[in-house]
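The next block holds one structure in the form of C-alpha cells; read it before the comments.
Protein chains: 2
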Amino acid sequence: MDREPRPVVIVMVESDEDDARLIETNIRRAGVNNEIIMFRNGGSAVDQLVDTKVGGRESADAGRLFLVDLDLSDMSGLDLLASIRTNHATRHSPVILMAAAGEEGENQRRPDLGAHVFVSKPLSEENFAQAIRDLGLVMTVIQAPETD
Amino acid sequence: MDREPRPVVIVMVESDEDDARLIETNIRRAGVNNEIIMFRNGGSAVDQLVDTKVGGRESADAGRLFLVDLDLSDMSGLDLLASIRTNHATRHSPVILMAAAGEEGENQRRPDLGAHVFVSKPLSEENFAQAIRDLGLVMTVIQAPETD
Chain E
2 MDREPRPVVI
12 VMVESDEDDA
22 RLIETNIRRA
32 GVNNEIIMFR
42 NGGSAVDQLV
52 DTKVGGRESA
62 DAGRLFLVDL
72 DLSDMSGLDL
82 LASIRTNHAT
92 RHSPVILMAA
102 AGEEGENQRR
112 PDLGAHVFVS
122 KPLSEENFAQ
132 AIRDLGLVMT
142 VIQAPETD
Chain A
2 MDREPRPVVI
12 VMVESDEDDA
22 RLIETNIRRA
32 GVNNEIIMFR
42 NGGSAVDQLV
52 DTKVGGRESA
62 DAGRLFLVDL
72 DLSDMSGLDL
82 LASIRTNHAT
92 RHSPVILMAA
102 AGEEGENQRR
112 PDLGAHVFVS
122 KPLSEENFAQ
132 AIRDLGLVMT
142 VIQAPETD
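Taken in sequence, the protein lines are chains E and A. Taking this note's numbering, the leading residue of the first sequence gets 2, the next gets one more, and so forth. Taking this note's numbering, the leading residue of the second sequence gets 2, the next gets one more, and so forth.
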C-alpha cells in the first residue's frame, strides 16, 4: 500500500459527563492517542456534521470514527446514526454505538445504516479493540514524531 | 505536530514457536496491524541488525519496536538488548522484554540499557498496551488506505 495510513478523529457523543470521562480514560488506557472531539448531545453533533472542518482539518481529509451512546439526552443514538448516514461527509464513517447491558439486543441488526457495531457500556479497552477490528479499522503503533 | 506519524516495524525474537504464535495473536487481538518480523534466536536477530533494510525499508526510515524473550535458546534477552544498544541503527529503539513469572524481578532496573520495559509472559493485549504507553509510544486508530 502506497498511501500513508491516516489517523481518524474520534467523535464522541455522550450525554453523561462521568461516562464520557471514563470512556476517554479507557481509550487512553488502550494506548490510543487519536484526537477526541466530545459532544454532550445529538443535536450539537448534528450541527457539527454540516461544518466543513473537524479538528481543524477539512472534513474531506479527516476520517472520523463516531462513538455514540444509544441513550442520548435529546435523541436516540440510532437517530444520530441515521443523520450520520445522510450526511455527505460522514456517510461512510464507522460508528460504535454504546449500549447499556440488555439495551443492545434488539438493535444489533441494522444493515441499512452502514458500518456500525454495538458495544456494552462501559466501553473498556477490550471491547474498544474488538469494535475497531469489527469495523475493519486497525491500530498502528507509531513513533511519536521527533521535536525539532 | 507537522510530521506524519510513522508506524513502527515490530521485531519479535522468541525461541518458542507456540509462544511466538500466541504473542502474534494477542497483538492482532489488540487491533494492532503493524508489520511483524520474527526471529527464532538472538543470533539471527543480531545478524539482521547490521542489515540496512528492515521490512524492505531503509533502516534510517524504519522505526523498530523490539519484542524480546528474556530466555532465548542461544543467549539472554539482556545480551540481545545490549547488542541492540550498541548498534547505530537501533540504539534508540524501544524494547519490550518478555519474562516468565518470577523471572523479571531482578532485571527491572537497567537504566544503562536505554528505553525498555519488562512484561510478564504470555504477552496479553493489556500488558502490550501498557508497555506501549510506558515506552512513550502511542497507538493510533487509522483508516485503512483506500485501494485505487
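Think of the CB as a built atom: it goes at the ideal place given N, C-alpha and C, for glycine as much as any other residue.
Which residues in the same chain as residue i place their Cβ atom closer than 8 angstroms to its Cβ, once the five residues preceding and following it in sequence are excluded?
| i | result |
| --- | --- |
| arginine 92(E) | Ile85, Arg86, Gly115 |
| arginine 111(A) | Leu79, Leu82, His117 |
| asparagine 27(A) | Pro123, Leu124, Ser125, Glu126, Phe129 |
Based on Cα-Cα distance, which residue from the options lies nearest to residue i?
| i | options | result |
| --- | --- | --- |
| aspartate 17(A) | Ile143(A), Arg111(A), Phe119(A), Met99(A) | Met99(A) |
| methionine 76(A) | Ile143(A), Val14(A), Val10(A), Pro8(A) | Val14(A) |
| leucine 50(A) | Leu23(A), Ile28(A), Val12(A) | Val12(A) |
| glycine 78(E) | Gly103(E), Asn42(E), Asn88(E), Arg65(E) | Asn42(E) |
Rounding to the nearest angstrom, what Cα-Cα distance links residue i and residue j in this structure?
| i | j | result |
| --- | --- | --- |
| serine 125(E) | aspartate 80(A) | 37 angstroms |
| alanine 83(A) | serine 94(A) | 12 angstroms |
| aspartate 19(E) | valine 69(E) | 15 angstroms |
| leucine 71(A) | leucine 73(E) | 49 angstroms |
| valine 33(A) | arginine 30(E) | 15 angstroms |
| phenylalanine 40(E) | glutamine 131(E) | 23 angstroms |
| glutamate 25(E) | isoleucine 37(E) | 8 angstroms |
| serine 121(A) | leucine 66(E) | 33 angstroms |
| isoleucine 133(E) | isoleucine 143(A) | 10 angstroms |
| leucine 23(A) | asparagine 88(A) | 29 angstroms |
| methionine 2(A) | asparagine 35(A) | In this prediction, methionine 2(A) has a pLDDT of 42, which is less than 50 and means its spatial position is unreliable; what the coordinates show is noted afterwards. Whole-angstrom Cα-Cα distance: 22 angstroms. |
| alanine 102(A) | aspartate 113(E) | 49 angstroms |
| valine 96(A) | valine 96(E) | 34 angstroms |
Identify every residue that forms a DSSP beta bridge with residue i.
| i | result |
| --- | --- |
| aspartate 70(E) | Met99(E) |
| glycine 8(E) | The sequence shown places proline at residue 8(E), not glycine. DSSP lists Ile143(A) as partners of proline 8(E). |
| arginine 65(E) | Val10(E) |
| isoleucine 38(E) | Val12(E) |
| histidine 117(A) | Val96(A) |
| valine 33(E) | Met140(A) |
| serine 77(E) | Asp72(E) |
If you measure from the beta carbon of residue i to each beta carbon in chain B, is any gap under 8 angstroms?
| i | result |
| --- | --- |
| glycine 115(E) | The question asks about chain B, but that chain is absent: this structure's protein chains are E and A. |
Please indicate yes or no: does the CB of residue i lie closer than 7 angstroms to some heavy atom of the ligand FAD?
| i | result |
| --- | --- |
| aspartate 113(E) | The model on display carries no ligand, and the ligand FAD is accordingly not part of it. |
Please work out which residues of its chain come closer than 7 angstroms, Cβ to Cβ, to residue i, disregarding the five sequence neighbours upstream and downstream, and give them in chain order.
| i | result |
| --- | --- |
| alanine 21(E) | Met13, Glu15, Met39 |
Leaving out five residues on either side along the sequence, give the residues of the same chain with a beta carbon under 6 angstroms from the beta carbon of residue i.
| i | result |
| --- | --- |
| alanine 64(A) | The amino acid at residue 64(A) is misidentified as alanine; the sequence shows glycine. Once the five neighbours on either side are set aside, the close Cβ partners of glycine 64(A) are Arg7, Val9. |
Touching by the beta-carbon criterion (3+ pairs, under 8 angstroms), the segment 132-139 of chain E and the segment 40-47 of chain A: no
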